[in-house]
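Numbering that gives the first Met the number 0 applies: residue 0 is where the sequence shown begins, and numbers increase by one.
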Amino acid sequence: MTKVACPFCYQRIDGAALWFQCLGRGDADRDGCSRRVDERRRRLAGFNAAVLPTFAPPRNQRLRPVRLAWCPDCGGRTGVRACPQCHTPLPPNFGHSSSPMIAMFGGKGTGKSVYLTVLARELRSSELRRRFGADIRMTGDRHGGQESSSTWLTQNVELMFTEHRLPDPTPPNRERRGEPLVFEWRGERRRWGRRTSYRTSYLSFHDTAGEDVGTLSGAYDLAYIGAADGLILLLDPFMLPEARERLRLPPSAIRSTEETMAVVDRLTQSLRASTGVGGGDRISKPIAVAFAKMDAFFDLLGRDHPLRQEPRPVPGYDERLGRATHEQVAALLRSWRGDDIEQHLRQNYRTFRYFCVSALGAPPDYDNALVEPGGVRPYRVDEPLLWLLSLNRFGVVPRQD
Ligand SMILES: Nc1nc2c(ncn2[C@@H]2O[C@H](COP(=O)(O)OP(=O)(O)OP(=O)(O)O)[C@@H](O)[C@H]2O)c(=O)[nH]1
Ligand SMILES: [Mg+2]
Ligand SMILES: [Zn+2]
Ligand SMILES: [Zn+2]
């Protein structure tokens, strides 16, 4: 039995016993099923539009896996698979092999919504697809009707890239959450002496609301973090007093009162709680620790600083530059007196790496929540993700040494 995490509801499901979704076609004698709101899907996956019904696979499925089934209500034939828990349609090859999942976490006002919009826009563009010869798609595009997440993306892209405005703080919502943005990244894996194989990874991005100081993540966030096989931890450098002092920031640029260390600790506690890794062991999930809003430091660093060097657009993750970036950010962090963060990461995680990103590429007008007149110019936003996908355990993106 392959237990995989559903990228929509984060529950562990049996990849060999996925459900089916009716296509609403019916058969010679009956009309097809009609759409209605699926209460379970609304509750577990945050999707509240009307959908066609789903049903369990025939009983003998375990012995003889089937690719097609007949709807018990309308008799129509279907090959669309769905999650047994939240009933969201899943890609055809989901669950056949391991389907690692990557997720994102960050404190209040760190820039999660902005970063996610920019990153998702890049994932949807043809640039990454071409660069990596990968098949990258937003899951659900194919089945249509997955309005809520693609609407979120379209609206935010329009807001930031066309109207040059910044999104409002994401409201916390404990009863219901929005549907996550789920991408499927299928890459070729070439290894000497072996046949080329394809590997798929699921990127599930849930735009969480920044929590207030001290509160532990809600149940959804806990499940989300626990189900992820790799994480992007987005940190706000403005929340490090020593870093903040070097910048002349207006009060409106400070969006939280929670110390960076507290955010990191919150993630660690959530991971320990959701995965049951005791205090004596280090957490094995790889963590990409990305410092956001780095455009604010560009002038201080100067033109020739290595952190202002972008990787070459080669079809792989630039390991050498990545390692150098890690060292550079670690040095900056020390100069900001963030040694406790480094120490905490070392003590609690087996695999982590620092990143320097800027979703906007230039400081915005904080007071009026406007993007700088030059527009949004994303800087190194995809690197945390590329690093994770290049790790051996995922092997979806090649590494270039
Ligand atoms: N300089 C700079 N500021 C940024 C950048 N991205 C976000 N910001 C600032 O951070 C603010 C918050 O960004 P959001 O993306 O809304 O942050 P969030 O983490 O989603 O916040 P919550 O939803 O409240 O948790 C923005 O309004 C900007 O002022 C960036 O790339 N550079
Ligand atoms: Mg937000
Ligand atoms: Zn039906
Ligand atoms: Zn599900």
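Just so it is clear, CB atoms sit at the ideal spot from N, CA and C, and this is done for glycine as well.
Treat the numbers as computed from the prediction; the structure is a model and nothing was measured.
*With contact counted as at least three CB pairs below 8 Å, one residue from each stretch, are the stretch 332-341 and the stretch 364-379 in contact?*
Judged by Cβ distances under 8 Å, the stretch 332-341 makes no contact with the stretch 364-379, as fewer than three pairs qualify.
*Around ligand 2, which residues pass a check of Cβ closer than 7 Å to any of its heavy atoms?*
Working through the chain, the matches are K111, S112, P166, P168, T169, D206, A208 and G209.
*Thinking C-alpha only, which one of P383, Y348 and E257 is nearest I231?*
The residue labelled residue 231 in the question sits at position 232 within the sequence shown. Minimum Cα distance to I231 is reached at P383.
_Alpha carbon of R302 to alpha carbon of F296, nearest angstrom_ = Your numbering for residue 302 matches position 303 in the sequence shown. Your numbering for residue 296 matches position 297 in the sequence shown. Distance between R302 and F296, taken at the CA atoms: about 11 Å.
*Residue range of the unbroken beta strand (DSSP E) whose run includes S112*: Walking along the sequence shown from the start, residue 112 turns up at place 113. For S112, no beta strand (DSSP E) segment is defined; the enclosing uninterrupted segment is the alpha helix (DSSP H) at K111 to R123.
*Mind checking whether G105 and T169 have CB atoms under 8 Å apart?*
Taking the first residue of the sequence shown as position 1, residue 105 is located at position 106. Taking the first residue of the sequence shown as position 1, residue 169 is located at position 170. The Cβ atoms of G105 and T169 lie no closer than 8 Å to each other.
*Between T109 and the rest of its own chain, which residues show a CB-CB distance below 6 Å, the 5 nearest in sequence each way excluded?*
Along the sequence shown, read from residue 1 onward, the residue named residue 109 stands at position 110. Within the same chain, T109 has close Cβ partners L233, D235 and A291.
*Taking Cβ positions, are P52 and D72 nearer each other than 8 Å?*
As a working note, residue 52 is residue 53 in the sequence shown. As a working note, residue 72 is residue 73 in the sequence shown. In terms of Cβ geometry, P52 and D72 form a close pair [threshold 8 Å].
*In terms of residues, what are the limits of the beta strand (DSSP E) holding R203?*
Position 204 of the sequence shown, counted from the start, is the residue given in the question as residue 203. Just to set this straight, residue 203 is Ser in the shown sequence, not Arg. Per DSSP, S203 belongs to the beta strand (DSSP E) from S196 to F204.
*Where does L67 land, buried or exposed, given buried means 16+ other C-beta within 10 angstroms?*
As a first step, residue 67 must be located in the sequence shown, where it is residue number 68. The residue in question, L67, is exposed, as its Cβ has fewer than 16 Cβ neighbours within 10 Å.
*Taking 8 Å as the cut-off, decide whether the C-beta atoms of Y353 and T324 are in contact.*
Stepping through the sequence shown from its first residue, residue 353 is reached at position 354. Stepping through the sequence shown from its first residue, residue 324 is reached at position 325. Their beta carbons are under 8 Å apart, which means Y353 touches T324 by this criterion.
_Tell me which residues share the same chain as D400 and place their Cβ nearer than 8 Å to its Cβ, disregarding the 5 neighbours each side in the sequence._
Against the sequence shown, residue 400 aligns to sequence position 401. Only E318 and R319 meet the Cβ criterion.
*Just how far apart, CA to CA, sit Y365 and G94?*
Taking the first residue of the sequence shown as 1, we reach residue 365 at position 366. Taking the first residue of the sequence shown as 1, we reach residue 94 at position 95. The alpha-carbon atoms of Y365 and G94 are separated by roughly 44 Å.
_Paired residues, beta bridge with Y378 - DSSP_ = Taking the first residue of the sequence shown as 1, we reach residue 378 at position 379. S357, per the DSSP bridge assignment.
*Looking only at its own chain, which residues have a Cβ that is under 6 Å from the Cβ of H142, when we skip the five neighbours before and after it?*
One-based indexing of the sequence shown puts residue 142 at position 143. For H142, the predicted model reports a pLDDT of 46, less than 50, meaning its position is unreliable; a value from the coordinates is still stated below. Cβ neighbours of H142 beyond the five flanking positions: P88.
*asked:* Can you give me the C-alpha to C-alpha distance between V212 and E257, rounded to a whole angstrom?
replied: On the sequence shown, position 213 is the one that residue 212 refers to. On the sequence shown, position 258 is the one that residue 257 refers to. At V212, the pLDDT of 48 sits below 50, so the modelled position is not reliable; the number obtained from the coordinates is stated separately. The C-alpha of V212 lies about 5 Å from the C-alpha of E257.
*With 16 other CB atoms within 10 Å as the buried threshold, where does L115 fall?*
One-based indexing of the sequence shown puts residue 115 at position 116. L115 is buried by the Cβ-count criterion.
_Collapsed DSSP secondary structure at D140 in the structure displayed_ = Within the sequence shown, residue 140 is the residue found at index 141, counting from 1. Low local confidence applies: a pLDDT of 48 at D140 is under 50, so the model's placement there is unreliable, and no value is given.
*If you measure from the CB of Q20, is any heavy atom of ligand 6 nearer than 7 Å?*
Ligand 6 is not part of this structure, which contains only ligand 1, ligand 2, ligand 3 and ligand 4.
*asked:* Looking only at its chain, what residues have a beta carbon closer than 7 Å to the beta carbon of R39, apart from the 5 residues adjacent to it on each side?
replied: For this step, residue 39 is matched to residue 40 along the sequence shown. Excluding sequence neighbours, R39 sits near C85 and H86.
*Under a three-way DSSP split, which group does W335 fall into?*
Residue mapping note: residue 335 aligns to position 336 of the sequence shown, counting from 1. DSSP places W335 in the coil class of the three-state scheme, outside both helix and strand.
*Got a sec, what are the start and stop residues for the beta strand (DSSP E) Q308 sits in?*
Start at 1 with the first residue of the sequence shown, and residue 308 comes out as number 309. Q308 -> no beta strand (DSSP E), and no H or E assigned at all.
*Same chain, Cβ closer than 8 Å to R164, five either side skipped, listed in chain order*: Residue numbering aside, residue 164 sits at position 165 when the sequence shown is read from its first letter. Around R164: L158, A368, L369 and V370.
*How would you label S112, buried or exposed, when you count the other beta carbons within 10 angstroms and need 16 or more for buried?*
As a position in the sequence shown, residue 112 is number 113, starting the count at 1. S112 comes out buried.
*Please state whether DSSP places Y316 in a helix, a strand or coil.*
Stepping through the sequence shown from its first residue, residue 316 is reached at position 317. The answer is strand: DSSP assigns Y316 an E or B state.
*Measure the Cβ-Cβ separation of F480 and V375 and say whether it is below 8 Å.*
Outside the displayed range of the chain (0 to 400) lies residue 480, so it cannot be described from this structure.
*asked:* I'd like to check one pair, P179 with P6: are the Cβ atoms closer than 8 Å?
replied: Sequence index remark: in the sequence shown, residue 6 carries index 7 (1-based). Sequence index remark: in the sequence shown, residue 179 carries index 180 (1-based). Yes.
*Use the C-beta contact count for D298: other C-beta atoms within 10 angstroms, 16 or more gives buried, fewer gives exposed.*
Numbered from 1 along the sequence shown, position 299 holds the residue referred to as residue 298. Exposed: under 16 other Cβ atoms inside 10 Å.
_Limits of the unbroken beta strand (DSSP E) element including L270_ = In the sequence shown, the residue the question calls residue 270 occupies position 271. In the DSSP annotation of this structure, L270 is not part of any beta strand (DSSP E); the continuous alpha helix (DSSP H) holding it starts and ends at T259 to T274.
_Distance CB(K284)-CB(L266) smaller than 8 Å_ = Locating residue 284 in the sequence shown gives position 285, counting from the first residue. Locating residue 266 in the sequence shown gives position 267, counting from the first residue. Judged by their CB atoms, K284 and L266 are not nearer to each other than the 8 Å cut-off.
*Closest by C-alpha distance to R35, when choosing among A48, D28 and E121*: Here residue 35 refers to the residue found at position 36 of the sequence shown. Sorting A48, D28 and E121 by C-alpha distance to the C-alpha of R35 places A48 at the top.
*asked:* Do F46 and C21 count as a contact pair if the criterion is CB distance below 8 Å?
replied: Reading the sequence shown from its first residue, position 22 is the one you call residue 21. Reading the sequence shown from its first residue, position 47 is the one you call residue 46. No; because the gap between Cβ atoms is not below 8 Å, this pair is not in contact.
*Length of the line joining the Cα atoms of R128 and Q268*: For the purposes of this step, residue 128 is taken as residue 129 along the sequence shown, with counting starting at 1. For the purposes of this step, residue 268 is taken as residue 269 along the sequence shown, with counting starting at 1. Roughly 36 Å separates the two Cα atoms.
_Rounded to the nearest angstrom, what separates R281 and N155 at their Cα positions?_
As a first step, residue 281 is located in the sequence shown; it is residue number 282 there, counting from the start. As a first step, residue 155 is located in the sequence shown; it is residue number 156 there, counting from the start. When rounded, the distance between both Cα atoms is 37 Å.
_Simplified DSSP assignment, three categories, for Y9_ = The residue given as residue 9 occupies position 10 in the sequence shown. Y9: coil per DSSP, three-state reduction.
*asked:* Quick check on Y401: buried or exposed, where buried means 16 or more other Cβ atoms within 10 Å of its Cβ?
replied: An answer regarding residue 401 cannot be provided, because it is not within the stretch 0 to 400 covered by the chain.
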